[in-house]
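**Q** Okay, here's the structure, questions in a sec.
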Amino acid sequence: MLRDPDFRRFEVLPITGALGAEIRGVDLGAHPDDATFEDVRRALHRYHVLAVREQKLTTEAYHQVARRFGPFSGNPVHGPMPGYDDIVEFIREPDDTGKVIGEEWHMDLAWMAKPPGITMLYGHEVPPVGGDTCFASLEQVYKSLSPGMRRMLASHTAVHSGKGVYEINAAQKRLALRPDARKGDDVEVEHPVICAHPVTGKPYVFISSVLNRFKGMTEAETKPIVDYLMGVAIRPEFTCRVRWQQGTLTMWNNPVVLHTAINDYSGYRRVTYRTTVEGWVPVAAPRELVASQAA
Ligand SMILES: [Fe+2]
């Protein structure tokens, strides 16, 4: 198994050639120093998805670990746990039926002006098999596109809409929602389609399941283009799959990946805790960058 030699404080084991890494040999709940957290952040920027294994986090410890990465992003949809405004509990009981939350490929809260920069999910109780989470790299999507397609997309701004998000979440009977969660139905926000990551500078294609239309175009005109990009994003060679274990803390660079929950663990209980870290207002990739890489 490949171990990334650039990390000495803990093991970084890439999951696929596209994105994702397992982290072993660090106890984030034991108040590691800033340099350790800085290395986790560095690994996150390199791999975009990290499955940090064998953590033992109480709710308080989880809260403290998350806040070492930055302030809470806010969450206009889900009701938090008592005592922790920044943590949401997701429970699936063995006899629950129907969809699991997050079953479609999506980005968390893409319809916020500042979508969460990092999403964290802690596996408190996970099935012995099933319930994996898959991730797709939007950087890899950009890399795969032709110069003409890159230029065309860079000329567009996308409208992402919160319409329907309440309904999807309200269908989950065990999920607490904020009393004003329905307000999301009226929210639309504009984001560039070709963005640059604020730390790495690398371009990525900002698509999401709530991308309603390109500005100045109809939904019908936009849909085939977004469907194409979605199809590229979820090609197996651009994805990774995290298999959960009890105590796995998975975190991802939310705006540069898509993710989906796998609904294949009927008969098992699954309890996870989510929090999110404040992100950035998505920035369009500089035209010169798109042009130069398109050359
Ligand atoms: Fe999600």
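The numbering used here applies: residue 163 is where the sequence shown begins, and numbers increase by one.
Ideal placement from N, C-alpha and C gives every residue a C-beta, glycine not left out.
Owing to the predicted nature of the structure, the values given are computational and were not obtained by experimental measurement.
(1) For Ala-457, which of helix, strand or coil comes out of DSSP?
(2) Alpha carbon to alpha carbon, how far is Asp-247 from Arg-340? Give it in angstroms, no decimals.
(3) In this structure, what does DSSP give as the bridge partners for Pro-354?
(4) Is it right to say Asp-426 is buried, meaning 16 or more other beta carbons lie within 10 angstroms of its own, or is it exposed?
(5) Under three-state DSSP, which class holds Glu-381?
(6) Got a list of residues with beta-carbon closer than 6 Å to any non-hydrogen atom of ligand 3, in chain order?
(7) By DSSP, does Pro-176 sit in helix, in strand, or in coil?
(8) DSSP three-state label for Ala-461, please.
(9) Enumerated in chain order, which unbroken segments of the alpha helix (DSSP H) with a length of 4 residues or greater are wholly contained in the segment 215 to 241?
(10) Which of the three DSSP states, helix, strand or coil, is assigned to Asn-416?
(11) Report the option in Val-351, His-353, Trp-406, Tyr-328 whose CA atom is closest to the CA atom of Asp-342.
(12) Using the three-state DSSP reduction, which class does Gly-285 fall into: helix, strand or coil?
(13) In the structure shown, what three-state DSSP assignment does Met-392 receive?
(14) Buried or exposed for Asp-389, going by 16 or more other Cβ atoms inside 10 Å?
(15) I'd like to confirm the pairing. Which residues does DSSP put opposite Ser-299 in its beta bridges?
**A** From the atom records:
(1) Counted from its first residue, the sequence shown places residue 457 at position 295. Any reading at Ala-457 needs caution, since the residue's pLDDT is 44, under 50, leaving its predicted position unreliable; the model's value is listed next. Reduced to three states, the DSSP call for Ala-457 is coil.
(2) Numbered from 1 along the sequence shown, position 178 holds the residue referred to as residue 340. Numbered from 1 along the sequence shown, position 85 holds the residue referred to as residue 247. Computed Cα separation, rounded: 11 Å.
(3) Translated into positions along the sequence shown, residue 354 becomes position 192. Answer by DSSP bridge pairing, in chain order: Thr-319.
(4) Your numbering for residue 426 matches position 264 in the sequence shown. Label assigned to Asp-426: exposed.
(5) Taking the sequence shown and counting its residues from 1, the one referred to as residue 381 is at position 219. Note: Glu-381 maps to helix in three-state DSSP.
(6) Ligand 3 is absent from the structure shown, which contains only ligand 1.
(7) The count along the sequence shown starts at 1 and reaches residue 176 at position 14. Assigned with DSSP and collapsed to three states, Pro-176 falls in strand.
(8) With the chain running from 163 to 457 in the structure shown, residue 461 is simply not present.
(9) Listed in chain order, they are 221 to 230.
(10) Start at 1 with the first residue of the sequence shown, and residue 416 comes out as number 254. Asn-416 falls in the helix class under three-state DSSP.
(11) Working through the sequence shown from its first residue, we reach residue 342 at position 180. Ranking Val-351, His-353, Trp-406, Tyr-328 by CA distance to the CA of Asp-342 puts Tyr-328 first.
(12) On the sequence shown, position 123 is the one that residue 285 refers to. If DSSP states are grouped into helix, strand and coil, Gly-285 belongs with the strands.
(13) Position 230 of the sequence shown, counted from the first residue, corresponds to residue 392. Of the three classes helix, strand and coil, the one that applies to Met-392 here is helix, per DSSP.
(14) Within the sequence shown, the letter at position 227 stands for residue 389. If you draw a 10 Å sphere on the C-beta of Asp-389, you find fewer than 16 other C-beta atoms in it, and that means exposed.
(15) Translated into the one-based positions of the sequence shown, residue 299 becomes position 137. For Ser-299, which the question treats as bridged, DSSP gives the partners Val-419.
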